[in-house]
Each structure stands twice: as C-alpha cells, then as structure tokens.
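Below: one structure, written as structure tokens.
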Amino acid sequence: MIKLCAALLLLTSSAAAVSAASFTPNSYIRTVLDASYSLRRAEQVFKQAENSYKTAVLDAALPSFTLSLADTLYDDQDRTLRLESGGVSSSLSASWNLYDSASSPARRIRIARLDYKAARLALLIAKQNEALKALSRFYVLYSAQRRIGTARINLASRERQYKDTNEQFQSGTRSRIEVTQSEGDKLQSELSLAQAETAALKARMAFNELINAEPEVPQEVEISTQSADVKLPLPREDVEKALKNNFSLSQQRILLEKTTLSNRTGVLSKYPRFKVDAAWRKTALGLFGTPGGSWDGNPAYSLGASLSLPFGFLGAQNYLEAEALGAALKSARLEIENSERALKTSVLSAQQDIELQVKSIKLLEFQVKAQTESTDNLLSEYSLGGAGFIQLDTAQTKLLDAGNSQISAVSDLDIALANYRVLLGEQIWE
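Right, here's the structure in full:
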C-alpha cells in the first residue's frame, strides 16, 4: 500500500512538472506585449492616426457639406421673443476645391498618408522597445536563478573545505588561522547565496510585473542553448539592410518627405496662388415645417476661379520666409545623412561586439570545465592534507567567477543579438 501511494505521488508530481509551463524568451516577449499598457496606448495613438488619415482623404477628395437653419428670435419691428417654423430659413450648401496651385487635394492626401505611415512605424518602434525591455527582464531573472546554482556549488565546496580543515586541525596538520579563514570563507559563501536568492526574488517580481502576475508567483525560465548559433563573420550586407529597413531611420525619411511637401506648399503660398472651386447651394429646404420645399429655380451652381497675390513689403517678407523654409528642409536632410552615418557605425560596431562575445562564451565554457576539474582535484588533495589552503581558495574563487561570467555572457549575447536585429529593422517579437 505504501509503495502504491508512493508511486501515485511520483506520477502526480511528474504530471505536475510536465504541465507546469516555463517561459522562453519568445514566449515571454509575446506575453508581455499582450499585457503591456504602454503598447495599448501606442495602438490607440495609431488608430487615431489611421482615422485622421481616412478623414483627410475624405476631406480632400470629396465635397464638404453645410446644413444651416436660422431664425430671428427678436428685432425692433417685433419686440417679442418668438420661434416660429414659418420664420426659419434653411439652406444646404456644398463646396469642393478642384485645384489649388499651392495645396492640391492630392498633396493633402499624400501628407495624411505620410502621417499614417509615420504613426505605424511609431507603433512598431514601441513594440521593439517593449520587446527589448521584456528580454532584459527575462535574462535578469535567468541570470539571477542560475547564480543561485553557482552560489550553492561554491557554498558546498566551502563547507567541505571547512569540514576538512577542522578535522585536520584536530589531528594537528592544519593551523588555527586556516580554520578561521575557512570558516570566514564559508560564511561569505552563505552570504553570497543569500544575496543571490534575494536578487532572484527581486528579478522575479520585476518579471511578473510586465505580465500582470502577482509578485510572489514562481516562474521558470529556460533558453534553448547555452550559446547562440551565430555564423561568423556577420555579413557586411547587413549595413545596407539596416539602411533600408531600420524603423527609426524609415520614420525620419517619412517625416523628411512630409517636410518637403509642407515646405513646397509653404513656398508656393508665397507666390501667386490660383484656385478653382465648385459650389452648390439650395435654400428653403422645407425641413420640419419651415418654408420652401420646391426645387424649381433652386438650387444654384457655381464654378469659380481665383488668383491671389500675397506679398509683404515689396515681396521681401515672402522671399525671407521662403528662404527660412528652404533652410529648414536642408537641415532635415543633413540630419538624415547624419543618422545614416551613425547607423552604419552602429551596425559594424555591433558586429564586432557580437563576434567578441561569441569567442568569450567559448573561452568561458572551457574555463568553467577546467576550473571545475581543478577544484574537484584540489578538494580531494586538500582532504588528504596535500593541497594548500591558498591554492584551493584561489581555485574556488576562480570557479565562482567563471560560472557567473558564463551566465552573464549568455544573457549579454542574446540581448546583443536582439539589439542587432533592431538595427536591421526586424520584428524581434516574432
């Protein structure tokens, strides 16, 4: 019966372990994006821009209508307040700009579309930023949890050393100083473990914050490999890819195009401006019992053209304002060129950093393996009274440092690769 209960308990715990989900970087990013309040706000801003674009298209491409109802409530001929349907005048009018040499309907639609595209890129940039923040929180927790393991290994090694030192002191082969030092090292390892556990608790709370989970909810995180499969060297063609697809640079180019159109409109408005407008008007609609209703001889149609010549004192103001607009456009173009140059440098620098990090991970893997074997051998020799205290202490410290450095290197490489993909204009949340 006891064996059956134990078997059932084992199966239950195994099933629970299987059903317990753990986060990978990609799954955590997706969960964070679904729960992000800032991303929801960015989506609402994008929807507003989308609606503004549709409204601008309708305003530019279709006539605008005005319905008006008016009545005289009081005048000096009749000094009583009144509101009579027979005294209400009504009208419906429509106006449509067919041509404007400074600001045509097609140009207004283009500007509205550019605003829409810029807002879409702003949403993508917000997603990128949120994904990077999620990835950072993920690896903070991953690193903190793994450092608990290295701290426990170090503590076990220090406890074994302290035990052996104390036993050898009793037999007269170790000094009291070595016992004291060994005890201090053990206490320091206990503190390091407590610090690692505290860091993991804080990291878990920050991790849960982004997915709207309770702070104390335990979380498991895992990555597919201890080192990313990166083919080196990274291709030089990635520079051109970044110049073409980078979200921030693309947004700058859209804003430059919008500035170009707006400046052109501003410059043209300083010169003779020719407009063609169509109009339609119907009065006496006969609505709600008001006078009218007949369509004979009413409505009225019109097609008009106008030429306006705005100018300041002898045209000097127009010239200076046009020059100012031109200078602003040149400044925006120079800013684009500077951004392109900076992006090239960022991509090439990131390539060098990633290559260095990949090599560093390989070296740290070797160091951890070699230092683990060295420490195990020294512990065995120390228990037999062979190895020296300082030699073992140095090996234990190197193993702890190498283990923590390896954990940091894995996290840093994955985050560096994500930032590199951001430079290339890739959607890192997919």
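3 is the number of the first residue of the sequence shown in this note's numbering; add one for each residue after it. For glycine and all other residues, C-beta sits at the position ideal for the given N, C-alpha and C. Please read all numbers here as calculations on a predicted model, not as lab measurements.
Just to confirm, are residue i and residue j a CB contact at a threshold of 7 Å?
| i | j | result |
| --- | --- | --- |
| A153 | A198 | yes |
| T267 | S54 | no |
| T262 | S92 | no |
| I31 | A196 | no |
| K188 | E161 | yes |
| L71 | V90 | yes |
| F209 | Q190 | no |
| I413 | S145 | Residue identity differs from the one stated: residue 413 is Ser in this sequence, not Ile. In contact: S413 and S145 (Cβ atoms closer than 7 Å). |
| W282 | A51 | no |
| V241 | V349 | yes |
| Y101 | V232 | no |
| A136 | V223 | no |
| I363 | K260 | no |
| Q253 | I338 | no |
| I225 | K119 | no |
| L311 | F276 | no |
Using the beta-carbon count (16 or more within 10 Å), is residue i buried or exposed?
| i | result |
| --- | --- |
| V424 | buried |
| S184 | buried |
| P27 | buried |
| G151 | exposed |
| I179 | exposed |
| G174 | exposed |
| R129 | A small correction: the amino acid at residue 129 is Lys; Arg does not occupy that position in the sequence shown. By the neighbour-count rule (16 or more Cβ atoms within 10 Å), K129 is buried. |
| F140 | buried |
| G405 | buried |
| G387 | exposed |
| Q408 | buried |
| L415 | buried |
| Y39 | exposed |
| K246 | exposed |
| A22 | The pLDDT assigned to A22 is 42, lower than 50, so where the model puts this residue is not dependable; a value taken from the coordinates is nonetheless given after this. Looking at its Cβ environment, which holds fewer than 16 other Cβ atoms inside 10 Å, A22 is exposed. |
| Q228 | Any reading at Q228 must be qualified, since the residue scores a pLDDT of 47, below 50, and its modelled position is unreliable; no value is offered. |
| F368 | exposed |
| F290 | exposed |
| S194 | buried |
Can you tell me whether residue i is helix, strand or coil according to DSSP?
| i | result |
| --- | --- |
| S385 | helix |
| D102 | strand |
| G328 | helix |
| V219 | coil |
| T396 | helix |
| A286 | coil |
| G294 | strand |
| G306 | strand |
| L365 | helix |
| T446 | Nothing about residue 446 can be reported from this structure: the residues present for the chain run from 3 to 432 only. |
| R335 | helix |
| L94 | strand |
| R238 | coil |
| V232 | coil |
| D279 | strand |
| W431 | coil |
Could you say which of the options lies nearest to residue i if we only look at CA atoms?
| i | options | result |
| --- | --- | --- |
| I392 | R110, S66 and T167 | T167 |
| A58 | I430, I111 and V412 | I111 |
| P235 | D187, E342 and D355 | D355 |
| E192 | K400, I155, T175 and N210 | I155 |
| K272 | R238, K204, G328 and A334 | G328 |
| S341 | I213, A244, L305 and A352 | A244 |
| D61 | G390, S138, K364 and R109 | R109 |
| D395 | S40, Q408, L381 and S407 | L381 |
| K56 | S95, V241 and R115 | R115 |
| L64 | L41, W98 and S264 | W98 |
| L69 | E45, K49, K260 and L94 | L94 |
| N248 | T33, I430, K49 and A44 | I430 |
| G306 | A330, G294, A326 and A280 | A280 |
| E433 | F25, L41 and L426 | As displayed, the chain neither begins before 3 nor continues past 432, which places residue 433 out of reach and without an answer. |
| S103 | T74, S351, K400 and P274 | P274 |
| E428 | S308, N379, S385 and L251 | L251 |
| S29 | I213, R206 and L331 | I213 |
| S351 | P237, R43, G186 and D117 | P237 |
Does the beta carbon of residue i sit closer than 7 Å to a beta carbon anywhere in chain C?
| i | result |
| --- | --- |
| L212 | This model lacks chain C altogether; it includes just one protein chain. |
Just to confirm, does residue i get its C-beta within under 6 Å of one of the non-hydrogen atoms of the ligand COA?
| i | result |
| --- | --- |
| A302 | What this structure holds is no ligand at all, so the ligand COA is not there to describe. |
Q) Are at least three pairs of beta-carbons, each pair with one atom in the region 370-389 and one in the region 113-126, less than 8 Å apart? A) Because the criterion of three Cβ pairs below 8 Å is not met, the region 370-389 and the region 113-126 do not touch.
**Q.** Stretch-stretch touch, CB-based, cutoff 8 Å, three pairs: the region 413-431 with the region 347-361
**A.** Touching, per the Cβ criterion.
Q) Are there three or more Cβ pairs, one per stretch, closer than 8 Å when the region 276-288 is compared with the region 298-309? A) Note that the region 276-288 touches the region 298-309; at least 3 beta-carbon pairs, one per stretch, sit closer than 8 Å.
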